[in-house]
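Heads up: the structure comes next, in structure tokens.
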């Protein structure tokens with residue numbers, strides 16, 4: 001009985017020991033393996049990211065250098081906050097003023113209300129305007145002959161690029177919305193558009 | 001005939017009672033995209049039209065181009081226009097004074113700049129135009 005008991009005890013101990021052993025080593029090495037693999041993958045991703053970012057930054061720097069040098073070369077520069085289109089710079093004002101006031105504001109910025117020479121210029125201006133914010137352009141009638149003329153004193157040729165909707169009274173000034181040019185009273189208040197050559 | 005005359009005071013009493021005790025109209029909300037301010041509902045359009053077409057849209061919605069009575073309403077509307085321009089319900093015929101779209105004469109409690117015949121509002125105030133340009137508009141209707 002005793003022997004049997006002792007054997008039982010031993011057997012039980014052995015069984016316990018072997019279970020503990022397997023928990024201590026084989027199970028933990030399994031975890032270590034998984035953690036090691038994940039760690040390796042993590043380090044790999046980190047290194048790739050660092051390399052990638054470095055490369056991308058260098059590429060960005062390179063393209064910026066190219067842009068600036070090409071701009072400096074052909075002198076196609078606009079002042080800050082101005083938009084460049086077809087060799088001219090544009091600034092769209094958000095304060096509403098009379099035609100004269102808007103023209104005066106442009107003069108202070110060494111610019112003038114836009115003189116539109118081709119349909120691409122008109123298209124750019126109209127696309128840049130926010131809906132519901134018409135802007136003055138450099139077209140007006142002050143002569144008793146009731147003829148539209150540009151502020152550079154060139155006559156406006158109706159059919160060439162666009163036509164002006166509305167009356168041709170004295171003291172009419174032209175305003176453009178996103179898709180049409182209208183005749184307006186010069187004392188009305190709309191936003192101004194300034195145009196100047198590149199510097 | 002006599003029975004009708006008897007009904008008149010009864011009707012008056014009934015109307016007075018309804019007005020006095022019903023609180024529902026005072027809490028009435030403005031529908032959908034309309035914004036409730038004090039005694040009016042206002043609608044700011046996304047679309048752009050000329051003055052006449054804008055007025056047609058407002059009246060088709062059971063309202064009118066914005067009728068502005070009070071300084072508080074004016075301040076609210078100006079704040080909401082941001083940098084955009086909106087038609088309001090004031091116009092004048094050549095040689096006549098400014099009128100609201102319901103036909104009442106404008107008592108000039110605010111300034112309208114320019115020599116045009118149709119009024120629009122933006123953050124800077126009210127200006128006049130020839131009414132042909134496509135800009136946004138504000139409709140208004142009584143809230144109660």
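Residue numbers (this note's numbering), protein chains in the order written: chain A, 1 to 199; chain B, 1 to 144. Where a beta carbon is used, it is the ideal one built from N, C-alpha and C, also for glycine.
Fill in: Closer than 7 angstroms at the beta carbon, the chain C residues around residue 175(A)
The structure shown contains no chain C; its protein chains are A and B.
Worksheet item: Just reading off the beta strand (DSSP E) that residue 184(A) is part of, what are its end residues?
Response: 181-185
Worksheet item: Going along the chain, which unbroken runs of the beta strand (DSSP E) with 3 or more residues stay wholly within the region 155-181 of chain A?
Response: 172-176
Item to complete: Reducing DSSP to helix, strand and coil, say where residue 119(A) ends up.
Response: helix
Practice prompt. List the DSSP bridge partners of residue 157(B).
Written response: Since the displayed chain B opens at 1 and closes at 144, residue 157(B) lies outside it and no answer follows.
Fill in: Helix, strand or coil at residue 112(A) according to DSSP, with G and I counted as helix
Secondary structure of residue 112(A) (DSSP, three-state): strand.
Discussion item. Please classify residue 154(A) as buried or exposed, where buried requires at least 16 other C-beta atoms within 10 Å of its C-beta.
Written reply: By the neighbour-count rule (16 or more Cβ atoms within 10 Å), residue 154(A) is not buried but exposed.
Worksheet item: For the beta strand (DSSP E) that contains residue 195(A), what are its first and last residues?
Response: Residue range 190-197 is occupied by the beta strand (DSSP E) that includes residue 195(A).
Discussion item. Along the chain, where does the beta strand (DSSP E) containing residue 40(B) start, and where does it finish?
Written reply: 40-44
Practice prompt. State the CB to CB distance for the pair residue 48(B) and residue 136(B), rounded to an integer number of angstroms; the pair is presumed to be in contact (CB under 8 angstroms).
Written response: 6 angstroms
Discussion item. So, for residue 110(A): in the same chain, excluding its five sequence neighbours on each side, which residues have a beta-carbon less than 7 angstroms away from its beta-carbon?
Written reply: 196
Worksheet item: For residue 63(B), which of 34(B), 134(B), 78(B) has the nearest alpha-carbon?
Response: 34(B)
Fill in: Bridge-paired residues (DSSP) for residue 141(A)
172(A)
Worksheet item: Using a C-beta to C-beta distance shorter than 9 angstroms, which residues of chain A count as neighbours of residue 84(B)?
Response: 130, 131, 132, 133
Worksheet item: Which of helix, strand or coil does DSSP assign to residue 73(A)?
Response: Because residue 73(A) carries a pLDDT of 47, less than 50, the predicted location of this residue cannot be relied on, and no value is offered for it.
Worksheet entry | Environment of residue 104(A) [buried if 16+ CB atoms lie within 10 Å] | exposed
Item to complete: Can you say whether residue 97(B) is buried or exposed, counting buried as having 16 or more other CB atoms within 10 angstroms of its CB?
Response: exposed
Worksheet item: Between residue 167(A) and residue 133(B), what straight-line distance do the alpha-carbon atoms span, to the nearest angstrom?
Response: Whole-angstrom Cα-Cα distance: 12 angstroms.
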